[in-house]
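A.B. asks:
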Amino acid sequence: MPLRTSHEPCGSFVARDLPHITRAATRIPALYDSNGAGLAVGDLDGDGDQDIVLANLAGANTLLWNEGALRFRAEPLGNGRIRGLAIVDVDGDGLLDIVGTRQFDKPVWWRNTGVDDADRFVELTLPDVHNWFYAQTWADLEGDGDLDLIVASYDAEIQKQQGLIFQYRGGGVGVFVYERRGDGYISHRLTDQADALAIALPDLNGDGRRDVWVANDFNRLDDVWVQGAAIDEWTRFTLPERISENPMSLDLGDIDNDGVAELFATDMKPVRKDEATMARWLPAMRRLTKPLTSADPQYAENMLLVHSAAGRWRNEAYERRIDSTGWSWSGVFGDLDRDGWLDLYVVNGMIAAGLLDYLPGNELVEENVALRNAGNGRFVAAPEWGLGAQRSGRGMAMVDLDGDGDLDIVVNNLMTPAQLFENRLCGGASLLVDLRMPESANTHALGAELSLVTDRGRMTRDVRPTAGYLSGTAAQVHFGFPADAVLERIEVRWPDGLVSVIEAPPRQHRLLIVRT
Amino acid sequence: MIHIPARRCPPLVDLIHLRSQTALFVTLLLVSSAGSVLAVTQARVPLWQATAGALLVLLPPFVRKWREDARRYGGAAMALSMLLAFQGFHTIEHIVQWIQYHILRWPSFLSNGLLSAANSEWVHFVWNWGFLAVCIFLVCAGMRGWWGWLLLAVATFHTLEHTYLMWRFQVTLRELGTLGVTDLQPQGLPGFFGRDGWLATADITQNTFLCRLPGFATAPRIDVHFWWNVSEMALLLPAANDFMRRLNAAQDVA
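Just so you know, the protein sequences line up as chains A and B, in that order.
Reminder that position 105 of the first sequence reads as 154 in our numbering, one-by-one numbering, no gaps.
Reminder that position 225 of the second sequence reads as 259 in our numbering, one-by-one numbering, no gaps.
1) Could you give the C-beta distance for B:M267 and B:T125, rounded to a whole number, given that I count them as a contact under 8 Å?
2) Please go through the same chain and pick out, in chain order, the residues whose beta-carbon is closer than 7 Å to the beta-carbon of A:D305, but skip the five residues on each side of it.
3) Output the distance between the C-alpha atoms of B:A251 and B:W261, rounded to the nearest integer angstrom.
4) Under a Cβ-count criterion, where at least 16 other Cβ atoms within 10 Å of its own Cβ denotes burial, should A:R218 be classed as buried or exposed?
5) Take the Cβ of B:F243 as the centre, count every other Cβ of all protein chains shown within 10 Å, and call the residue buried at 16 or more, exposed below.
6) What does A:L408 reach in chain B if we use C-beta pairs closer than 8 Å?
7) At what residues does the beta strand (DSSP E) containing B:F226 begin and finish?
8) Let me know if A:T284 comes out buried or exposed under the rule of 16 or more other beta-carbons within 10 Å of its beta-carbon.
9) For chain A, check one thing: does any of its Cβ atoms lie closer than 8 Å to the Cβ of B:W140?
10) Is there at least one Cβ from chain B nearer than 8 Å to A:L331's Cβ?
11) For B:G211, report the span of its alpha helix (DSSP H) as first-last.
12) With which residues is A:T315 paired in a DSSP beta bridge?
13) Taking the beta carbon of B:N162 as the centre, do at least 16 other beta carbons fall within 10 Å, making it buried, or is it exposed?
14) At which residues does the alpha helix (DSSP H) containing B:A86 begin and terminate?
15) With distances taken from CA atoms, which of A:R361, A:V164, A:A344, A:E324 is nearest A:A255?
16) Nearest-angstrom Cα distance between A:M352 and A:N364?
17) Below 8 Å, how does it come out for the segment 469-482 of chain A and the segment 376-395 of chain A: are there three or more Cβ pairs, yes or no?
18) Taking 8 Å as the threshold, find out whether the segment 113-122 of chain A comes into contact with the segment 443-456 of chain A through three or more Cβ pairs.
19) Just checking: is the beta-carbon of B:N146 within a distance shorter than 8 Å of some beta-carbon in chain A?
20) In this structure, does DSSP put A:V139 in helix, strand or coil?
21) Determine, using beta carbons only, whether A:Y81 and A:A201 come nearer to each other than 8 Å.
22) Got a sec, what are the start and stop residues for the beta strand (DSSP E) B:E155 sits in?
23) Excluding the 5 residues flanking B:Y198 on each side, which residues of the same chain have their C-beta closer than 7 Å to its C-beta?
24) So, for A:L253: in the same chain, excluding its five sequence neighbours on each side, which residues have a beta-carbon less than 8 Å away from its beta-carbon?
25) For a test of the three-state rule: what should DSSP assign to A:S549, helix, strand or coil?
26) Can you name the residues that DSSP bridges to B:P141?
27) Please classify A:M486: does DSSP put it in a helix, a strand, or coil?
28) In terms of residues, what are the limits of the beta strand (DSSP E) holding A:L155?
29) Helix, strand or coil for A:N265 per DSSP?
30) Can you tell me whether B:W180 is buried or exposed, with buried defined as 16 or more other CB within 10 angstroms of its CB?
31) Quick one: is A:R335 near chain B, going by C-beta distance under 8 Å?
32) Considering only the beta carbon of each residue, do A:L484 and A:A494 sit closer than 8 Å?
33) Looking at the secondary structure, which residues open and close the beta strand (DSSP E) in which B:F260 lies?
34) What does the Cβ neighbour count give for A:A247, buried or exposed, with the cut at 16 atoms within 10 Å?
35) B:F143 touches chain A at which residues, Cβ-Cβ below 9 Å?
36) In terms of residue numbering, what span does the alpha helix (DSSP H) encompassing B:F59 cover?
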């Protein structure tokens, strides 16, 4: 299907408010309501437009049906107390469901019945998943055609709520891999404690299998495992010598187009180091962080793990000027200017009673940061893109919402209206790809890798359900490239390893590739 | 005129030699070291207090030695002798701090050398200006030549960095005050060099090789100031030797 040609004036992103505000239980959010909530994007009704689901803490979640031309119809979904969201086909019926991790309860599964009315979504729980989790992601870890669930808890919040009882009960929930078996799940516990804000599934050892990286808040080291031959075989991975101390978000992206995705984590480090900024930051950082020894690999700054030819992972965030983006939450890669290089957008801000009580409104007001990939994985600030909102953003996703082929952005802010940023950068061209495997329970081909080969080089993307902080990303893959690039072919590596090739794909189209 | 006997060792060694105070110094060093160890390990006296006590005990032989230096060589040589002692200990402090952080793996806020109470912006600011002032005095008194000028240059830049740090400290303190935060001292902010320092983060250096210079734009603050002081000591020693050689030659002619 050809993409819509945009006739709007070009220049920068245009911000619009969405009819949703994530609120906390108190007027000024306390820890850990201050963590906010996520969102997810996906085509829930199969009409070709990407819909939006926004989680809430105190108040109903919001489902925004995309009616085209950036018009949305809002309807409530559930009663809130939702942290993270993902849109995945849980039961393999071809319809995208919604899964939310909850505060102080096990995850909720809104099963998509396909009925086009108020009863479309039925609220259920995932069979055999009984623990309280914070971060989630999904993948076909075994390559058996169904979706497994990887989840992790945020014990600090549970302890705050339960107090000493939590310690008495063992003091932790941890990280679980739920292996799909028929209509249920078999749980494999990887560790019994976590303060997880994000989970990513990089291939750390290049064996073609997804490994697990759990980003833990505070001084708790990240938990990282390499998958063995079976889904219950996990080996601890030796951490690189420098990682984030308080990672809030994880995203994978091939920023230098070398075919290997880099792993990016956001943390808390001011962009500017002037004295006024330092004064606003220092009291909170002294309260929140603990001084670490030189033997500890954790540093309070963003992390960009780059895989070297020698096979080692090295943090190059500082060298590439993306070590500090503010008090950062979701950080996601996407080719916003369609030049063939993945850019980066990070949403920022913090509101917390008790922690920031020396600032007006208990808020550290920070601007979101857009970073343009200047080529080969070097980044420069792009304030001219108009993405510098100061709304205390948390969850965020990038997806084409208006059908013109470029990536728009949705942000779930805390205590202020959520925002949609319409992309009007107008450069380059696009190709959107949707994959389907109707004969598999992994109907949307999560885990597939796509490479677009052009006369300018090769771009690699993958189909995944989550990215950034507590947020679900669309299964649709976006390729941006210079307007005069010649598209030679698309190579699709399906989750089971088989490869399909589409020669000379059309530019400015949305392709639907169905595996039969 | 004081008759100086023929010399068989480098002039610098002549200057730093404790001479008649050697036995007293060695005795007091053994006593104060043992006392400090006992105080720290048995009486739980803070390390910095034990160190300060030991230094006080060792002060008398040094004072006598410096007075003798003044009689032998003049006031400038005495100033140089004092500078060598103080900067020598200061360099040892930074070496100890480096060891605490990189070898013993202590947290940065505990890696303060032996005199932790002295690890503050004010102390570093005053110390460096004092060091620079004495260097200028010595250069005017004849400590010239390559080593002397290099030392002066390094000391000047080091002092400028600490002046910049003091300025940052004061301005940040004022900003904290406007926010009503009065119980926090903004110690340890980055200066010109090192990780997150001016060179690494200034607008003017972005997208140039300067903002990524290994060490200059990447080293932690502990390493930056370790290298400043080791460099100053490494330049002070040959500069002092040259100065003493010229001084001795002038006295011999006289």
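Glycine included, C-beta positions come from ideal geometry on N, C-alpha and C.
C.D. replies: With the given structure in hand:
1) A Cβ-Cβ separation of about 4 Å places B:M267 in contact with B:T125 under the 8 Å criterion.
2) Within the same chain, and ignoring the five residues on either side of A:D305 in sequence, the residues whose Cβ sits closer than 7 Å to its Cβ are N425, G426.
3) Each residue's CA atom was taken as its position, placing B:A251 and B:W261 some 14 Å apart.
4) Under this definition A:R218 is an exposed residue.
5) Classification for B:F243: exposed.
6) The answer, in chain order, is L213.
7) For B:F226, there is no enclosing beta strand (DSSP E), as DSSP marks it with neither H nor E.
8) By the neighbour-count criterion, in which 16 or more other beta carbons inside 10 Å mark a residue as buried, A:T284 falls on the exposed side.
9) B:W140 counts as touching chain A.
10) At least one chain B Cβ lies under 8 Å of A:L331.
11) 180-212 is the span of the alpha helix (DSSP H), which, as asked, contains B:G211.
12) Beta bridge pairing from DSSP links A:T315 with A:S298.
13) So B:N162 ends up on the buried side.
14) Per DSSP, B:A86 is one residue of the alpha helix (DSSP H) stretching across 81-107.
15) The question names Ala, but residue 255 of chain A is Gly in the sequence shown. Of the listed residues, the one whose Cα sits closest to A:G255 is A:R361.
16) Rounded to the nearest angstrom, the two C-alpha atoms are 6 Å apart.
17) In this structure the segment 469-482 of chain A lies against the segment 376-395 of chain A, because at least three pairs of beta carbons, one per stretch, are closer than 8 Å.
18) Note that the segment 113-122 of chain A touches the segment 443-456 of chain A; at least 3 beta-carbon pairs, one per stretch, sit closer than 8 Å.
19) Using a Cβ-Cβ cut-off of 8 Å, B:N146 does not count as an interface residue toward chain A, since no Cβ of chain A sits closer than that to its own.
20) In the structure shown, A:V139 sits in coil (DSSP, three-state: anything other than H, G, I, E or B).
21) No.
22) That residue, B:E155, is in no beta strand (DSSP E); its alpha helix (DSSP H) goes 155-174.
23) Taking B:Y198 as the centre and dropping the five residues before and after it, the same chain places the C-beta of G225, F226 closer than 7 Å to its C-beta, in chain order.
24) D260, W262, V273, V275, F286, W362, listed in sequence order.
25) Reduced to three states, the DSSP call for A:S549 is strand.
26) Looking at the DSSP assignment, B:P141 forms a beta bridge with A:T342.
27) In this structure, A:M486 counts as coil in the three-state DSSP scheme.
28) A small fix is needed here, since residue 155 of chain A is Lys in this sequence, not Leu. From DSSP, the beta strand (DSSP E) with A:K155 extends over 154-161.
29) Residue state, collapsed to three classes: strand.
30) Flag for B:W180 reads exposed.
31) Closer than 8 Å to some Cβ of chain B, the Cβ of A:R335 qualifies, so yes.
32) The answer is yes: Cβ separation under 8 Å.
33) Careful: B:F260 lies outside any beta strand (DSSP E), inside the alpha helix (DSSP H) at 255-287.
34) By the 10 Å Cβ count, A:A247 comes out buried.
35) By Cβ distance, chain A contributes P340.
36) Residues 56-75.
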